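Worksheet: one structure, shown below.
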Amino acid sequence: MRLDKFLKLTRLIKRRTIAKDISIAGKVIVDKRTVKPSYNVKVNDILELYLGEYIVMVKVLTIDEKELRSDPQKGYELLSRTTNAN
């Protein structure tokens, strides 16, 4: 599943176009490298999202679209949410 679609379906980001813009801006990191919106998300990936004043780290639990539509929070485990000290 594409990164931008995953972020939208899990409601980590409200709109897919915003998810696309954030990843193009280099604010989504997987395995210590920035990724494009077309990145293929896999189960057990650790995503770092730089969202305004927050840094959110999540672990991908499922990429099943049907499951994500019924319960978006089943798609990830929140590892940390910290304030960006910039």
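Take -5 as the starting number for the sequence shown in our numbering and just add one per residue. All residues carry an ideal CB built from backbone N, CA and C; glycine is no exception. The structure presented is a predicted model; accordingly, all values stated were derived computationally and were not measured.
Where does residue i sit, in a helix, a strand or coil, going by DSSP?
| i | result |
| --- | --- |
| ARG(-4) | strand |
| LYS60 | helix |
| LEU43 | strand |
| ARG9 | coil |
| LYS53 | strand |
| SER74 | strand |
Would you please state the rounded distance, in angstroms, between the beta carbons of residue i and residue j? I believe it to be under 8 Å.
| i | j | result |
| --- | --- | --- |
| THR28 | GLY20 | 4 Å |
| GLY46 | THR4 | GLY46 to THR4, Cβ: 18 Å. No contact. |
| LYS30 | SER17 | 6 Å |
Going by the CB atoms, is the gap between residue j and residue i shorter than 7 Å?
| i | j | result |
| --- | --- | --- |
| VAL35 | MET(-5) | yes |
| VAL22 | LEU43 | yes |
| ARG(-3) | TYR33 | Looking at the sequence shown, residue -3 is not Arg but Leu. Contact flag set, yes. |
Relative to the C-alpha of residue i, which residue among the options is closest?
| i | options | result |
| --- | --- | --- |
| LYS26 | LEU55, ILE18, ILE49 and ILE40 | ILE40 |
| SER74 | ILE49, LYS8 and PRO31 | ILE49 |
| ASN78 | LEU62, THR56, SER17 and MET51 | MET51 |
| LYS53 | GLU61, LYS8, GLN67 and LYS60 | GLN67 |
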